[in-house]
Each structure stands twice: as structure tokens, then as C-alpha cells.
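Protein chains in written order, with this note's numbering: chain A, 19 to 590; chain B, 208 to 305.
In C-alpha cells:
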């Protein structure tokens with residue numbers, strides 16, 4: 019199938035999904051009132067509760083939800099063939115993804131801007147909030163493990179990447195200084211720092227730089243150093259950890275935020291260039307099979323495909339951003355659909371582009387496998403992007419380095435903020451019993467040590483599946499909350515309840531599968547200590563998540579069976 | 208310029224595009240600057256008007272002298288200080304997590 023045709027199908031799904039189905043639910047079921055005061059207006063505090071234009075919020079929401087997930091998931095999932103992956107991206111967004119993002123946002127707006135924790139306390143049960151918090155910590159740990167693995171053990175081991183990454187960091191620090199200390203114009207700051215970043219990426223492709231990192235990593239055959247990881251992987255991971263440490267303990271304006279800003283430009287320009295190159299090139303999928311086999315390295319198609327592609331079809335994280343972030347800034351109830359629903363449908367297009375880098379950019383299945391396949395999804399994306407960029411005149415060598423740097427920095431910007439979040443969470447959770455946890459350095463070091471265990475010990479595909487399952491389970495629970503909220507207002511709730519049931523059943527099945535396969539590995543006589551630790555870790559996390567979900571579903575089921583109020587009055 | 212004209216429409220599209228770009232880029236910076244200012248303000252009002260929430264810190268004489276300047280912010284301050292928070296409130300600080 020031709021790549022342009024795939025893009026057109028995705029665009030058609032966007033038009034029908036957003037224009038017909040989403041609008042219908044919005045108009046007939048939720049019935050937003052543009053004149054009703056939103057929490058942003060009622061509780062305006064100039065900070066968290068502040069009305070903002072829907073265009074600004076659309077940009078904010080999209081940036082908040084679209085990162086590494088919609089890129090990595092589809093590239094791994096095409097191991098089942100292009101058809102199931104494409105179908106899930108489109109149908110997942112069409113029937114479930116936007117429902118969650120939009121529903122969570124409306125729920126936040128109608129419930130005085132409550133966060134997801136407060137909503138689960140009120141709509142499900144008091145213990146639901148506590149369970150959600152535990153759930154969240156594991157979820158963040160899995161994000162750190164999976165992203166850290168992808169960056170530290172794959173991308174950073176490419177000698178053409180580290181200098182580019184250092185350049186982005188330095189330019190981010192420079193951007194922070196120029197803006198906050200030297201009070202320079204933002205356009206000047208952007209031009210200077212982004213141009214210098216590109217120079218840094220170009221320098222990283224030169225021979226002396228490559229020779230330096232080859233020597234440091236001991237390439238081409240990097241020796242094994244620690245826990246079966248090569249010297250390049252250990253150094254790459256440690257660089258990631260140092261970066262995250264700085265991101266967690268330094269003031270946000272001087273490090274995390276400006277680096278995020280620079281990375282936005284690097285990423286956006288890359289994606290725009292890639293799309294342009296694809297449109298000019300119009301590659302087909304060649305011999306890429308529509309369906310390969312039911313069971314692959316990641317497991318059976320059901321349930322594993324549905325947790326492998328999380329963000330890009332449906333992602334639980336979006337419900338947190340929609341409630342705690344965007345819902346408190348909506349100017350009018352009528353803005354929820356374009357902001358929440360619109361951003362999710364656009365993310366579907368983003369995921370489709372990532373899907374095409376795996377299926378179309380290498381001319382077929384063998385090309386995809388040679389580029390790294392599911393096991394090296396990020397290397398596949400950078401290689402695919404380089405192939406697209408080569409059609410607008412950008413040399414492949416530079417394109418590959420550029421793609422790798424942009425993925426690295428995309429993951430690192432998320433990881434540094436996750437560590438920040440984890441240190442705050444651990445201070446609150448354990449700060450009373452262990453006062454040392456309130457120290458920002460100790461909280462950060464604990465989070466990073468846990469991350470290192472996950473990165474060094476657990477294989478990439480396993481940890482990605484566990485991360486996807488946790489993410490999707492959160493989506494199922496958020497959808498259950500949305501159904502409960504709609505029911506509490508006397509509105510139809512099946513549009514959220516059926517997707518919730520599907521997501522909860524699928525993700526619990528995925529977690530049970532992960533637990534079973536990992537514990538089963540322990541009975542193998544050839545298993546190494548490292549593999550046994552990994553199997554126990556993943557198995558235990560899967561069990562903990564299943565138990566937490568069982569409690570939440572039980573409480574949710576009880577809440578669902580409570581007497582319903584009268585139907586909401588039809589809109590005049 | 209007529210509201211329905213092509214130029215008007217193009218200007219509206221350009222305006223929307225600028226706003227979306229702002230939302231994707233420096234809106235977060237503006238939010239963070241506001242948050243920092245609000246935290247300093249919150250601390251200041253807590254020091255000077257803590258007795259309103261049961262934490263008397265400053266003697267009432269000074270509180271009364273400051274009262275006219277702080278009245279407009281009092282409601283907002285109490286709401287933001289007393290609002291119950293949990294980890295999920297922190298989610299907005301982590302952009303693009305997945």
C-alpha cells in the first residue's frame with residue numbers, strides 16, 4: 019500500500035471520527051454550554067485556574083500528549099504486520115482515544131477542576147485514590163525503565179549521538195540564560211540556539227568526533243562491562259542518569275524547561291521535513307506483510323498489540339493531563355472537543371507517520387528487520403526519517419544522526435521531569451517515616467538507582483510491554499471514571515463504558531500474560547541470575563498492577579450499580 | 208476589512224496558527240513564571256495574614272496596615288492555599304510523557 023494512501027485513510031478517519039462521531043457525542047450526550055462558567059473562570063487564581071484561548075490550549079494539549087509513545091508503539095507493533103497495527107491506531111483513536119481525552123476534560127470541567135485522584139476518591143471510593151497513587155509510581159518507574167533502555171542502550175551507543183545531545187543541553191542552558199538573565203528577545207534566542215544545535219549535530223557526524231566516541235566506547239566490538247551490558251551501553255546509560263539528575267535538582271527555568279523548548283524545534287522541524295520528504299517520495303510498503311503471525315516476540319496479537327501501541331491510539335496519561343492541566347484552563351465548555359478530541363485525532367496522524375517510517379521507508383519487511391526491527395524501534399525511526407529527509411536534499415548520514423538526537427532528547431526531556439515527579443512523590447509517600455527522602459538529592463538518587471536496575475536488567479521489549487500495559491490500564495480506569503461521571507449526571511454512558519470494559523479486560527489479560535511468561539522463565543534450568551531478577555521484577559509489577567486494578571474495578575462496579583439519577587434535561 | 212473576505216479569513220487562520228505555536232512553545236514558560244510569582248505571593252500573604260487560616264505569625268497591627276493592599280488577592284490566596292492536592296495534580300508539570 020502506498021504511504022500517501024495510508025495518510026489519506028488516517029485523514030478520512032480524522033474527518034469522520036471528529037466531525038461525525040465525536041461531535042454527535044458532544045452535542046447530544048454531553049451537551050456543553052458555552053455560556054456556563056468554567057472552573058478557569060470561577061476559581062481564577064492566575065496560575066492553575068486561568069482561562070486561555072482554545073487555540074493556545076490545543077497547542078499545549080498536543081505538545082503534552084505527543085512524544086515518544088506514538089513513535090515507538092507503532093514501530094514495534096508492525097511485527098504483527100502492518101494491517102493490525104494500522105487498524106488499532108485508527109479504530110483505537112476513533113472509538114476510545116478521543117473519548118478518554120475529551121471525557122476526562124469535560125469531567126474535570128464539570129467537577130470544579132478536580133484532579134483524577136480527587137475524582138476517583140469522589141466517584142469510586144476513598145481507597146481508589148490511594149491505589150491510583152501507588153499505580154502511578156510504578157507507571158513512572160516503567161516509563162523511566164523503558165525510555166532509559168531505549169536511549170541509554172540503543173541511541174546513545176551510536177557514536178554520532180552523544181555530541182548532538184550535549185549540544186542540545188548546552189543550547190538549552192544558553193536559552194534559559196538568554197531569556198531569564200539577559201532578557202533577550204525569544205526569537206533571537208530561538209534562532210541562535212536552534213542553529214547552533216544543528217551545527218552541533220552536524221559536527222557529531224564528522225570523523226574526529228566519531229573517532230573519539232568510538233575510542234571511548236571501544237567500538238566496533240564494545241566489550242561487555244556490567245550485567246551483560248557493553249561499555250557503550252553502560253556509558254550511554256550513565257550519561258542519561260547524569261542528565262536526569264541535573265534535570266531533577268536544578269531550577270526548572272534554567273535546565274528542564276529551556277531544553278524542552280529547544281527540543282520542540284528540533285523535533286518539529288524533523289517531523290515536518292520527514293512528512294515533506296514522504297510526500298515527495300511517495301514510497302509504497304513493498305513486500306511488507308499485512309499480517310505476519312499471531313504470536314511474535316512481544317506475545318500474542320491479543321492482548322499484546324493493544325498495549326504495545328498505547329499513545330497514538332489511547333493512552334492513560336492523557337487523562338491526567340486533561341484533568342489536572344487543561345480542564346482548569348478551558349474558557350468555555352464548548353472548547354473541550356476541539357482541544358481534547360482534536361489533539362488526540364492529530365496524534366493519530368503523528369502515530370501514522372511513525373508507522374510509515376517502519377513500513378514504507380525501508381522498502382519492505384526485510385529493510386525494517388535490517389534497520390533493527392521491533393527490538394530497536396528507535397533506530398528504525400531515525401533510519402526511516404533519514405530516508406524521508408534524503409528526498410528533500412538532506413544527506414542520510416546527517417539525517418540519521420539528527421533523527422537519533424531528536425529521539426534521544428525527546429525521551430530525555432520526559433525522563434528528567436519524571437524523576438522530578440518521582441522525587442516529589444517519594445518525599446510525600448515516605449517522607450514522614452524516612453525524613454531523608456525529603457532531600458531532593460536523595461529522592462532523585464533513589465529514583466535513578468531504581469531506573470538503572472530496570473534499564474540494565476530488563477530487556478527492552480519486555481519493559482515496553484509492561485509500560486504499555488500500565489498505561490492502558492490507567493486509560494481503562496479513566497474511562498470507567500468517565501462512565502461513572504456521565505451516569506452521575508444522568509447521561510448516556512455506554513460510549514465510555516464499553517471502551518472502558520475493553521481496555522480493562524485487554525490490559526489485565528496483557529499483565530497476566532506478562533506475569534505468567536516471566537514467572538515461567540524461572541523454571542528454565544539455563545536461566546542466568548540477571549534474567550531471573552528481570553523476570554521476577556516484571557512478574558511482580560504485573561501482579562501488583564493486576565491486584566490494584568482488581569480493587570479499582572470492584573469499587574467501580576459497586577459505584578456503577580448505585581441508583582442512577584434522573585436523565586439530564588435535553589438542551590433547549 | 209470585511210469580516211467574510213479572504214484576507215480576513217487568512218488573518219484569522221494566521222492568528223490561530225500563532226496561538227497554537229505559542230501553546231506548544233512558550234506558554235509553558237509563561238505558566239511557570241506565573242507559578243513562581245504566585246508561590247512568593249502565597250508565602251507573603253501567609254506571613255502577613257496567616258491568622259485567617261489559623262497560623263498567626265505577624266502581629267495584627269501590621270496585618271491591618273497591609274490589609275487594603277492584600278484584599279483583592281485574599282480570596283484567591285485562601286482558595287489556592289486550602290485546595291486539596293495529590294500527585295495527580297503534578298501531572299501538568301510533565302509534558303509529553305508518552
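Don't be surprised by glycine CBs; every beta carbon is placed ideally from N, CA and C.
What residues are listed by DSSP as bridge partners for residue 302 of chain A? DSSP lists A:20 as partners of residue 302 of chain A.
So, does the CB of residue 286 of chain B fall closer than 9 Å to a CB anywhere in chain A? Chain A, which has a Cβ nearer than 9 Å to the Cβ of residue 286 of chain B, makes this yes.
Whole-number beta carbon distance between residue 525 of chain A and residue 321 of chain A, since they are thought to touch under 8 Å: Yes, residue 321 of chain A and residue 525 of chain A are in contact; Cβ-Cβ is about 7 Å, under 8 Å.
Against chain A, does residue 305 of chain B count as a neighbour if the rule is that its beta carbon must be under 9 Å from one of theirs? The predicted position of residue 305 of chain B is uncertain, since its pLDDT is 48 and thus under 50; a value taken from the coordinates is nonetheless stated next. At a cut-off of 9 Å between C-beta atoms, residue 305 of chain B counts as an interface residue with respect to chain A.
If distances are taken between C-alpha atoms only, which option among A:423, A:408, A:507, A:169 comes closest to residue 596 of chain A? This structure does not reach residue 596 of chain A, given that chain A is present from 19 up to 590, and the question cannot be answered.
Taking just the CA atoms, how far does residue 69 of chain A sit from residue 117 of chain A? Rounded to the nearest angstrom, the two C-alpha atoms are 23 Å apart.
Can a CB atom of chain B be found closer than 9 Å to the CB of residue 81 of chain A? For residue 81 of chain A, the closest Cβ of chain B is nearer than 9 Å.
Let me see if you follow: with CB-CB separation under 9 Å, is residue 221 of chain B close to chain D or not? Looking for chain D here will not work: the only protein chains present are A and B.
Sheet register partners of residue 70 of chain A (DSSP bridge): In DSSP, residue 70 of chain A forms a bridge with A:348.
Beta carbon proximity, residue 384 of chain A to chain B, threshold 9 Å: For residue 384 of chain A, no CB of chain B lies under 9 Å from its own CB, so it is not counted at the interface with that chain.
Residues of the region 262-277 of chain B whose Cβ lies closer than 9 Å to any Cβ of chain A, in chain order: Within the region 262-277 of chain B, no residue qualifies.
Between which residues of its own chain and residue 410 of chain A is the CB-CB distance below 7 Å, once the five residues before and five after are set aside? Excluding sequence neighbours, residue 410 of chain A sits near 291, 294, 295, 298.
Measure from the alpha carbon of residue 61 of chain A to the alpha carbon of each residue in A:349, A:144, A:559, then state which is nearest. Per the C-alpha coordinates, the member of A:349, A:144, A:559 positioned closest to residue 61 of chain A is A:349.
With C-beta atoms as the reference, is residue 260 of chain B less than 9 Å away from residue 285 of chain B? Yes. Within cutoff.
Buried or exposed for residue 238 of chain B, going by 16 or more other Cβ atoms inside 10 Å? Classification of residue 238 of chain B: buried, given that the 10 Å Cβ count is 16 or more.
What is the residue span of the alpha helix (DSSP H) that residue 243 of chain A lies within? Per DSSP, residue 243 of chain A belongs to no alpha helix (DSSP H); it is in the beta strand (DSSP E), 242-244.
Fully enclosed by the region 399-486 of chain A, which alpha helix (DSSP H) runs are 4 residues long or longer? Along the region 399-486 of chain A, the alpha helix (DSSP H) occurs as fully enclosed runs of 4 or more residues at 414-448, 458-475, listed in sequence order.
One question on the structure: do residue 327 of chain A and residue 560 of chain A come within less than 9 Å of each other, judged by their Cβ atoms? No, they are not a contact pair.
Buried or exposed: where does residue 291 of chain B fall if 16 or more other Cβ atoms within 10 Å of its Cβ makes it buried? Using a 10 angstroms sphere on the CB of residue 291 of chain B, the tally of other CB atoms stays under 16, which defines it as exposed.
For the alpha helix (DSSP H) holding residue 537 of chain A, just list the boundary residues, first then last. Here the alpha helix (DSSP H) through residue 537 of chain A covers 512-539.
Could you work out which residues of chain A lie near residue 283 of chain B, taking near to mean beta carbons separated by less than 8 Å? For residue 283 of chain B, the chain A residues whose C-beta falls within less than 8 Å of its own C-beta are 62, 63, 64, listed in chain order.
Under 7 Å Cβ-Cβ, which residues of chain B neighbour residue 235 of chain A? Within chain B, no residue comes near residue 235 of chain A; the closest Cβ sits about 29 Å away, beyond 7 Å.
Per DSSP, cross-strand counterpart(s) of residue 547 of chain A: BP columns for residue 547 of chain A are empty, so no partner.
Measuring only the C-alpha atoms, how far is residue 352 of chain A from residue 52 of chain A? So the alpha carbons of these two residues sit roughly 5 Å apart.
Could you run through the region 141-154 of chain A and flag, in chain order, every residue whose CB is less than 9 Å away from some CB of chain B? Answer in chain order: 147, 150, 151, 154.
Can a CB atom of chain A be found closer than 9 Å to the CB of residue 239 of chain B? It does: the Cβ of residue 239 of chain B has a partner Cβ on chain A nearer than 9 Å.
If we ignore side chains and look at the alpha-carbon of each, how far apart do residue 304 of chain B and residue 412 of chain A end up? Any reading at residue 304 of chain B must be qualified, since the residue scores a pLDDT of 48, below 50, and its modelled position is unreliable; no value is offered.
Residue 318 of chain A by DSSP, collapsed to three states: which one? Residue state, collapsed to three classes: strand.
Relative to the alpha-carbon of residue 130 of chain A, which residue among A:438, A:239, A:345, A:64 has its alpha-carbon at the smallest distance? When only C-alpha atoms are compared, the closest one is A:345.
Tell me which residues share the same chain as residue 557 of chain A and place their Cβ nearer than 6 Å to its Cβ, disregarding the 5 neighbours each side in the sequence. 533, 536, 537, listed in sequence order.
Give the interface partners of residue 195 of chain A over in chain B, defined as CB-CB distance under 9 Å, in chain order. Residues of chain B passing the Cβ test: none, with the nearest at roughly 14 Å.
Using a C-beta cutoff of 9 Å, does residue 257 of chain B count as contacting chain A? Not a single C-beta of chain A is nearer than 9 Å to the C-beta of residue 257 of chain B.
Who are the neighbours of residue 597 of chain A on chain B, taking C-beta pairs under 8 Å? Given a span of 19 to 590 for chain A in the structure shown, any question on residue 597 of chain A remains unanswerable.
Could you give the distance in angstroms between the alpha-carbon of residue 590 of chain A and the alpha-carbon of residue 54 of chain A? Since pLDDT at residue 590 of chain A reaches only 45, below the 50 mark, its modelled position is unreliable, and the value read off the structure follows with that caveat. Rounded to the nearest whole angstrom, the CA to CA distance from residue 590 of chain A to residue 54 of chain A is 14 Å.
With a threshold of 6 Å on Cβ separation, who are the neighbours of residue 309 of chain A within its own chain once the five nearest residues in sequence on each side are excluded? Here the set comprises 99, 101.
Do residue 80 of chain A and residue 230 of chain B come within 9 Å of each other at the CB atom, strictly closer than that value? With contacts defined as CB atoms closer than 9 Å, residue 230 of chain B and residue 80 of chain A qualify as a contacting pair.
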